[in-house]
Amino acid sequence: MTAAITRRDYSGVADLAPLLRFTQYNWTPDSRWHLGDIAWEFSFAPGGGPHERMAFWERNGEIVGFGWLTLPATLALMVDPRLADGLVDEVVDWATGLAGQPVAVGVLETEAALIAPLVRAGRTASLPDHFFLNLQRELSDLPPVPELPAGFTVRPLADDELPARAALHRTVWNPRLTDEVYAGLASRWPYRREFDRVAVAPNGELAAYILGWYDDVNRVGEFEPVGTLPEYRRLGLSRALGISLLHAWRDAGGRRALVYARGDDGYPVPRQVYAALGFRVHGRIVRYRLP
Ligand SMILES: CC(C)(COP(=O)(O)OP(=O)(O)OC[C@H]1O[C@@H](n2cnc3c(N)ncnc32)[C@H](O)[C@@H]1OP(=O)(O)O)[C@@H](O)C(=O)NCCC(=O)NCCS
Numbered sequence: 001m002t003a004a005i006t007r008r009d010y011s012g013v014a015d016l017a018p019l020l021r022f023t024q025y026n027w028t029p030d031s032r033w034h035l036g037d038i039a040w041e042f043s044f045a046p047g048g049g050p051h052e053r054m055a056f057w058e059r060n061g062e063i064v065g066f067g068w069l070t071l072p073a074t075l076a077l078m079v080d081p082r083l084a085d086g087l088v089d090e091v092v093d094w095a096t097g098l099a100g101q102p103v104a105v106g107v108l109e110t111e112a113a114l115i116a117p118l119v120r121a122g123r124t125a126s127l128p129d130h131f132f133l134n135l136q137r138e139l140s141d142l143p144p145v146p147e148l149p150a151g152f153t154v155r156p157l158a159d160d161e162l163p164a165r166a167a168l169h170r171t172v173w174n175p176r177l178t179d180e181v182y183a184g185l186a187s188r189w190p191y192r193r194e195f196d197r198v199a200v201a202p203n204g205e206l207a208a209y210i211l212g213w214y215d216d217v218n219r220v221g222e223f224e225p226v227g228t229l230p231e232y233r234r235l236g237l238s239r240a241l242g243i244s245l246l247h248a249w250r251d252a253g254g255r256r257a258l259v260y261a262r263g264d265d266g267y268p269v270p271r272q273v274y275a276a277l278g279f280r281v282h283g284r285i286v287r288y289r290l291p
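In terms of UniProt numbering, the sequence shown is residues 1 to 291.
Below is the structure:
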């Protein structure tokens, strides 16, 4: 007899490691979610944010599905593809009930096992105005790390540089990333200091970074995120950092790298940077909804 599948709510930060392990277990090149996406997305609120509702589906104590509703009505999901028939509908029904309205389900267009039940239920795909590409490259044919402008170096972050690294991210991007958030992220698996790389200017300033997340089971790394201070852009720092990180993953046994970038014309630069690093489009994130 097949064991029953039961649902339980995500219970806080203690559930992050099981979620990451499920992501890793589920990963294929065609998956929307890599370890790095989850580690990064959850760095701000590892226990879940106020607009998020999350639940696991389990069988015999093993996670077989995860639903992640962002209110008002956007659903992300991970489901063991062998159980997708049935379980996808269950996750969508759970989210619809909580949202009190039909939800938009985001998937990578390569996730055939998840898409089939969505289509069977009458949903159709559309591309949001701001959409993301999944870009990938193999690690078998890496170019050498290019030479940097005079006086610049590229290296892993040092132990005492976490606050400076958090400040660099804030300047490039996002004032929400506090020193505490960064210290928390850096204290948890799967963060590894050797894959948190910075470019240092001749005056000692941290000028650019790439945060790399390496899945050593599937041998695939992800860049998330990437940034260069405005005054140091177009010097080749991101390129040198990226290639040095690809080498570091290959040296660790890696076979593949991936990164997400906006695919619409509203924000084209990152995908051009990654194209210059040899990444090619593997798929787009699309949304399935009822007509
Ligand atoms: C994206 C970003 C990290 C690029 O950093 P960078 O250090 O300036 O990039 P590089 O100098 O290494 O550029 C490498 C190549 O990418 C392409 N590229 C970089 N910036 C570009 C631009 N503004 N327009 C077109 N192509 C560009 C070029 O092919 C470039 O090579 P070239 O200068 O020899 O032509 C930087 O613009 C940035 O921090 N942007 C804001 C944050 C962000 O969007 N991060 C990415 C998403 S996580």
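We put the CB at the ideal spot given by N, CA and C, even for glycine.
Return the CA-CA distance between R21 and A150, expressed in angstroms with no decimal places. One-based indexing of the sequence shown puts residue 21 at position 21. One-based indexing of the sequence shown puts residue 150 at position 150. About 42 Å.
Compute the Euclidean distance between the alpha carbons of A183 and W213, then round it to the nearest angstrom. Within the sequence shown, numbered from 1, the residue matching residue 183 stands at position 183. Within the sequence shown, numbered from 1, the residue matching residue 213 stands at position 213. Cα to Cα, the separation comes out at about 16 Å.
Using DSSP's beta-bridge definition, name the partner residues of L245. Translated into positions along the sequence shown, residue 245 becomes position 245. For L245, which the question treats as bridged, DSSP gives no partner whatsoever.
Relative to ligand 1, is the shortest distance from any of its heavy atoms to the C-beta of G236 smaller than 6 Å? One-based indexing of the sequence shown puts residue 236 at position 236. Under cutoff, so the answer is yes.
Beta-carbon contacts of L139 that lie in its chain and below 7 Å, excluding the five residues immediately before and after: In the sequence shown, residue 139 corresponds to position 139, counting from 1. Counting only Cβ-Cβ distances below 7 Å, and skipping sequence neighbours, we find L246, W249, R250, G254, R255, R256, A257.
Measure the alpha-carbon distance for G36 versus G221 and round it to whole angstroms. Along the sequence shown, read from residue 1 onward, the residue named residue 36 stands at position 36. Along the sequence shown, read from residue 1 onward, the residue named residue 221 stands at position 221. Approximately 8 Å between the Cα atoms of the pair.
Determine the contact status of S244 and V145, defining contact as a CB-CB distance below 7 Å. Residue numbering aside, residue 244 sits at position 244 when the sequence shown is read from its first letter. Residue numbering aside, residue 145 sits at position 145 when the sequence shown is read from its first letter. Yes. Within cutoff.
From D80, D9, L75, A240, residue whose alpha carbon lies closest to that of Q24: Within the sequence shown, the letter at position 24 stands for residue 24. Comparing Cα positions, the closest option is D80.
I'd like the ranges of any beta strand (DSSP E) spanning at least 3 consecutive residues and lying wholly in the segment 111–158. 124–126, 132–138, 153–156
Going by the beta-carbon positions, is the gap between V286 and L127 smaller than 7 Å? What you label residue 286 is simply residue 286 of the sequence shown in a count that begins at 1. What you label residue 127 is simply residue 127 of the sequence shown in a count that begins at 1. A contact, by the Cβ cut-off of 7 Å.
Use the C-beta contact count for W189: other C-beta atoms within 10 angstroms, 16 or more gives buried, fewer gives exposed. Position 189 of the sequence shown, counting from 1, holds the residue named residue 189. W189 comes out exposed.
Going by the C-beta, is G227 closer than 6 Å to any heavy atom of ligand 1? What you label residue 227 is simply residue 227 of the sequence shown in a count that begins at 1. Yes, since a heavy atom of ligand 1 falls inside the 6 Å radius drawn around the Cβ of G227.
beta-carbon A276 near ligand 1 non-hydrogen atom, thresh 6 Å: Taking the sequence shown and counting its residues from 1, the one referred to as residue 276 is at position 276. Yes, Cβ of A276 sits closer than 6 Å to a heavy atom of ligand 1.
Under three-state DSSP, which class holds G86? Residue mapping note: residue 86 aligns to position 86 of the sequence shown, counting from 1. Looking at G86 - three-state DSSP - the assignment turns out to be helix.
Nearest residue (CA-CA) to D160, options P46, P117, L206: Locating residue 160 in the sequence shown gives position 160, where the first residue counts as 1. Cα-wise, what sits closest to D160 is L206.
Rounded C-alpha distance that separates W68 from L135: For this step, residue 68 is matched to residue 68 along the sequence shown. For this step, residue 135 is matched to residue 135 along the sequence shown. Going by the C-alpha atoms only, they are around 23 Å apart.
Expected contact under 8 Å - CB spacing of Y232 and R165 to nearest Å: Along the sequence shown, one-based indexing puts residue 232 at 232. Along the sequence shown, one-based indexing puts residue 165 at 165. Y232 to R165, Cβ: 15 Å. No contact.
Of the residues T28, G106, R7, the one placed nearest D215, counting alpha carbons only: Residue mapping note: residue 215 aligns to position 215 of the sequence shown, counting from 1. If we check each option's Cα against that of D215, T28 comes out closest.
Buried or exposed, going by whether 16 or more other CB atoms sit within 10 Å of the CB of L75? Along the sequence shown, read from residue 1 onward, the residue named residue 75 stands at position 75. Buried: at least 16 other Cβ atoms inside 10 Å.
Alpha-carbon spacing of A113 relative to A17, whole angstroms: To locate residue 113, count along the sequence shown from 1; it is residue 113. To locate residue 17, count along the sequence shown from 1; it is residue 17. Going by the C-alpha atoms only, they are around 25 Å apart.
Is A208 near ligand 1, going by C-beta to nearest heavy atom under 6 Å? For this step, residue 208 is matched to residue 208 along the sequence shown. Yes, ligand 1 has a heavy atom inside 6 Å of this Cβ.
According to DSSP, simplified to helix, strand and coil, what is T74? Along the sequence shown, read from residue 1 onward, the residue named residue 74 stands at position 74. Residue state, collapsed to three classes: strand.
Hey, quick one: how far does the alpha helix (DSSP H) through L19 stretch, first residue to last? Counting from 1 along the sequence shown, the entry for residue 19 is found at position 19. From DSSP, the alpha helix (DSSP H) with L19 extends over 16–26.
Out of curiosity, what's the CA-to-CA distance linking A95 and V13? Locating residue 95 in the sequence shown gives position 95, where the first residue counts as 1. Locating residue 13 in the sequence shown gives position 13, where the first residue counts as 1. Going by the C-alpha atoms only, they are around 21 Å apart.
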